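Everything below concerns the one structure shown next.
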Amino acid sequence: MTDHTLRGLGLDAVPVLSPLAYPGRPVPWPGLLLGEELLPLRADGGPVGSWAVGGRDAGLDAVLRGAGLPGTDERLPVLAVGSNACPAQVRHKLTLAGLPVAVPMSPLRVRGVAAGVSAHISLAGYVSASPYASGDRVATLAVGWLDAEQLTAVDATEPHYHRVPVDGDAFPMTLPGGARLPSAALYVHRHGVLALDGRTPLTAPDQPALLRRLLGASAALRQLLGPDPDAWVATVAGDPAARAAGAEVFRREGWLLRTPGLPTLAGTEPPWIAS
Numbered sequence: 029m030t031d032h033t034l035r036g037l038g039l040d041a042v043p044v045l046s047p048l049a050y051p052g053r054p055v056p057w058p059g060l061l062l063g064e065e066l067l068p069l070r071a072d073g074g075p076v077g078s079w080a081v082g083g084r085d086a087g088l089d090a091v092l093r094g095a096g097l098p099g100t101d102e103r104l105p106v107l108a109v110g111s112n113a114c115p116a117q118v119r120h121k122l123t124l125a126g127l128p129v130a131v132p133m134s135p136l137r138v139r140g141v142a143a144g145v146s147a148h149i150s151l152a153g154y155v156s157a158s159p160y161a162s163g164d165r166v167a168t169l170a171v172g173w174l175d176a177e178q179l180t181a182v183d184a185t186e187p188h189y190h191r192v193p194v195d196g197d198a199f200p201m202t203l204p205g206g207a208r209l210p211s212a213a214l215y216v217h218r219h220g221v222l223a224l225d226g227r228t229p230l231t232a233p234d235q236p237a238l239l240r241r242l243l244g245a246s247a248a249l250r251q252l253l254g255p256d257p258d259a260w261v262a263t264v265a266g267d268p269a270a271r272a273a274g275a276e277v278f279r280r281e282g283w284l285l286r287t288p289g290l291p292t293l294a295g296t297e298p299p300w301i302a303s
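Written as structure tokens, this is what we have:
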């Protein structure tokens, strides 16, 4: 019998609990995050709600509604460039909020949006991802379909971000199987992304490498948070003053880059979504 638990799939690391593991492992294929499991979905090019749920003789909407939960037409697709692409992180957030863990998730290809590095230091100590406009480049991101209560809970975990609408004509979004999303939402950082040269957005393959690069680029950061990633996390975790001081160094070094080309104001959502 196939083990669909996050632990069995090797997807159980929670970045907020293990900061140097940020952003965690993203959802590897279309799946329904249901409790501690990630059940595979068969993306056949049709509507997401009709995708067959592995291990269940039913489509996605039938499984959700059979459990007394909102179907996909009552959910907002939300793009993820960082840890919200990680099923374990999403599960952790919803569990802390006391909400059912039931979220369809999938990788997808997006033209014009890429993952940069945010201009703040998180409560857990990592420097999170943030999107920027990337012209005609295509990136693999993730999407999760959140109901109204889940959306409110996730919003509360993103105080440094605006949730903004993304138009599928301006930023084409293609799901496995070839279906296109007409629209979605995206968390855009309030202050922009980091660019060490002031022009080119920084990218981060993994958190330790990112922190080493930032420390290597700034004597002020090394003095404040160094000399290495372990010291960084130990210094800033649980210390608002250290996090604020680190973000101020980002500003003084001239690393902040605004994100032109992305939506900047929240709004334009299905009427059932409560912001």
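Per the numbering used here, numbering through the sequence shown is continuous, rising by one, with the last residue being 303.
Yeah, the Cβ is synthetic: ideal placement off N, Cα and C, and Gly gets one too.
Please read all numbers here as calculations on a predicted model, not as lab measurements.
At what residues does the alpha helix (DSSP H) containing residue i begin and finish?
i	result
E65	Per DSSP, E65 belongs to no alpha helix (DSSP H); it is in the beta strand (DSSP E), 65-70.
P257	257-264
P115	115-124
A88	In the sequence on display, residue 88 carries Leu and not Ala. From DSSP, the alpha helix (DSSP H) with L88 extends over 88-94.
L242	235-245
V277	268-280
I think residue i touches residue j, with their Cβ atoms under 8 Å apart; what is that distance to the nearest whole Å?
i	j	result
L169	V145	15 Å between Cβ atoms; not a contact.
L239	L230	12 Å between Cβ atoms; not a contact.
G74	D89	About 11 Å separates the two Cβ atoms, so there is no contact after all.
L39	P135	L39 to P135, Cβ: 13 Å. No contact.
V216	T287	6 Å
Which residue's Cα is closest to the Cα of residue i: the options?
i	options	result
G63	L107, A71, L127, N112	L127
Q117	D85, T185, V155, P105	T185
W57	V171, T180, V155, L48	V171
P204	R241, L69, D89, G226	L69
A232	A49, L174, A71, V42	A49
V221	A272, V42, H148	H148
P132	L252, R165, V166, R93	R93
L282	R227, A108, T33	A small fix is needed here, since residue 282 is Gly in this sequence, not Leu. Of the listed residues, the one whose Cα sits closest to G282 is R227.
P138	P159, D31, F278, V129	Rather than Pro, the amino acid found at residue 138 in this sequence is Val. The shortest Cα separation from V138 among P159, D31, F278, V129 belongs to P159.
D101	Y215, D72, V76	V76
A41	R208, R250, A245, R119	R119
V55	P47, H32, L45, V44	H32
P47	G36, S150, L107, A248	S150
L284	E65, A181, R218	R218
R191	P200, S246, A181	A181
L107	P43, R280, D183	D183
A113	G52, K121, R165, P268	G52
R280	S246, Q251, F199, P268	S246
G163	E65, P200, V91	P200
E65	Y189, R241, A130, P43	A130
Would you mind stating whether residue i and residue j have Cβ atoms separated by less than 9 Å?
i	j	result
D22	L243	Here the chain covers residues 29 to 303 and nothing more, so residue 22 does not appear.
V81	L67	yes
S78	S111	no
G87	W260	no
L304	L104	A query on residue 304 cannot be resolved here, the shown segment of the chain reaching from 29 to 303 and no further.
G196	P187	no
A212	V194	yes
V277	A248	yes
G274	L253	yes
G289	A161	yes
T30	G83	yes
A125	Q178	yes
A270	A71	no
V109	L45	no
Would you kindly report the start and end of the unbroken beta strand (DSSP E) that includes residue i?
i	result
T168	157-174
A130	130-145
L192	The question names Leu, but residue 192 is Val in the sequence shown. Note, V192: beta strand (DSSP E), 189-195.
Y215	211-217
L108	One detail in the question is off: residue 108 reads as Ala in this sequence, not Leu. 104-108 is the span of the beta strand (DSSP E), which, as asked, contains A108.
G59	59-62
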